[in-house]
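In numbering that gives the first Met the number 0, the protein residues as written are 0 to 188.
Ideal placement from N, C-alpha and C gives every residue a C-beta, glycine not left out.
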Amino acid sequence: MDYKKDIKEYFERLKNTIDQMSIDDINGLMNVLENARESGKQIFIMGNGGSAATASHSVCDFNKGVSYGKDRKRYKFICLNDNFPTMMAYANDVSYDDVFVEPLKNFFNEGDIVIGISGSGNSKNVLKAIEWANDNGGVTVGISGYTGGKMKQMSRFNVHVPIMDMQITEDIHMVLVHCIMKILGGGHC
């Protein structure tokens, strides 16, 4: 079979969506991350499904990729979806809606950054952690797609991928992580 037309259409949609992204919002997120590094604040990040993979990948890229070998303060990224036993304990004993907010309560300090990644912007467990961080002196960031959902309204800073397509949203979220990592690590895009 010849899939070339479909491949081209997918990449065209991806490129067109990237062109619609707010560079100001991305720049704002980069400043939040750099301010956190400079001031020694922790950065908590979370997501479900593909967004969980992006959150986990982000921690690797910043804690090692951006920080290793640098003669400066390091990033303090913590992924709230990387500890499966803790997540499953809260999901089983309390509620899946609490799998991020409860561990956050153990480690969070006022002024820390809390980043939620949600394609729809409506993941209840992410929203609950964002709301708690807002109520407890956190700096909240929403990274979303579709319409941005409730998270776009609740978060202090936002990077929104303006498309109603989960795969393109998740593609761009990962590109965003790599772009920011490369720039903040001194490698530039």
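| said: Assuming S117 is part of the beta strand (DSSP E), what are its boundary residues? | reply: In the sequence shown, residue 117 corresponds to position 118, counting from 1. Start and end: 112-117.
| query | Tell me which same chain residues have a C-beta within less than 7 Å of the C-beta of D100, skipping the five on either side of it? | reply | Position 101 of the sequence shown holds residue 100. In the sequence under discussion, the amino acid at residue 100 is Val, which differs from the Asp named in the question. The answer, listed in chain order, is K127, A128, W131.
| message | Quick check on the DSSP output: the beta strand (DSSP E) that includes S143 runs from which residue to which? | response | Counting from one through the sequence shown, the residue named residue 143 turns up at place 144. Residues 138-143.
| query | With DSSP run on the structure shown, which of helix, strand or coil describes V176? | reply | In the sequence shown, the residue the question calls residue 176 occupies position 177. Three-state result, V176: helix.
| request: Assign R189 to buried or exposed, taking buried as 16 or more other Cβ atoms, counted over all protein chains shown, within 10 Å of its Cβ. | output: Nothing can be reported for residue 189: it is not among the residues displayed for the chain, which extend from 0 to 188.
| message | Please classify D70 as buried or exposed, where buried requires at least 16 neighbouring CB atoms within 10 angstroms. | response | Indexing the sequence shown from 1 puts residue 70 at position 71. D70 is exposed by the Cβ-count criterion.
| Cβ shell of D60 (< 8 Å), same chain only, five flanking positions each side left out | Residue numbering aside, residue 60 sits at position 61 when the sequence shown is read from its first letter. Excluding sequence neighbours, D60 sits near V176, H177, M180.
| Buried or exposed by the 16-neighbour rule on C-beta atoms within 10 Å, applied to K72 | In the sequence shown, the residue the question calls residue 72 occupies position 73. With fewer than 16 other Cβ atoms within 10 Å, it is exposed.
| If N156 sits next to L28, beta carbons under 8 Å apart, how far is it from one beta carbon to the other, in whole angstroms? | Translated into the one-based positions of the sequence shown, residue 156 becomes position 157. Translated into the one-based positions of the sequence shown, residue 28 becomes position 29. Before going on, a small fix: residue 156 reads as Phe here, not Asn. Sure, about 6 Å apart at Cβ, within 8 Å.
| Alpha-carbon to alpha-carbon, M20 and G39 | Mapped onto the sequence shown, residue 39 falls at position 40. Mapped onto the sequence shown, residue 20 falls at position 21. Cα to Cα, the separation comes out at about 29 Å.
| task | Could you tell me which of V160, K3, G185, T168 sits nearest to I22, measuring between CA atoms? | result | On the sequence shown, position 23 is the one that residue 22 refers to. Of V160, K3, G185, T168, the residue nearest in Cα terms is V160.
| said: I'd like to know whether the C-beta atoms of M45 and G115 end up nearer to each other than 8 Å. | reply: Counting from 1 along the sequence shown, the entry for residue 45 is found at position 46. Counting from 1 along the sequence shown, the entry for residue 115 is found at position 116. In this structure, G115 lies closer than 8 Å to M45 by Cβ.
| task | Kindly list the residues whose CB is nearer than 6 Å to the CB of E141, restricted to its own chain and excluding five residues on each side of it in sequence; keep chain order. | result | Within the sequence shown, residue 141 is the residue found at index 142, counting from 1. With the sequence shown as reference, residue 141 is identified as Gly, and Glu is not the correct amino acid for it. Excluding positions up to five away in sequence, the list reads G115, M150, K151, S154, N157.
| Going along the chain, which residues of its own chain have a beta-carbon closer than 7 Å to the beta-carbon of G184, five neighbours each way excluded? | Your numbering for residue 184 matches position 185 in the sequence shown. Same-chain partners within the cutoff: G64, V65.
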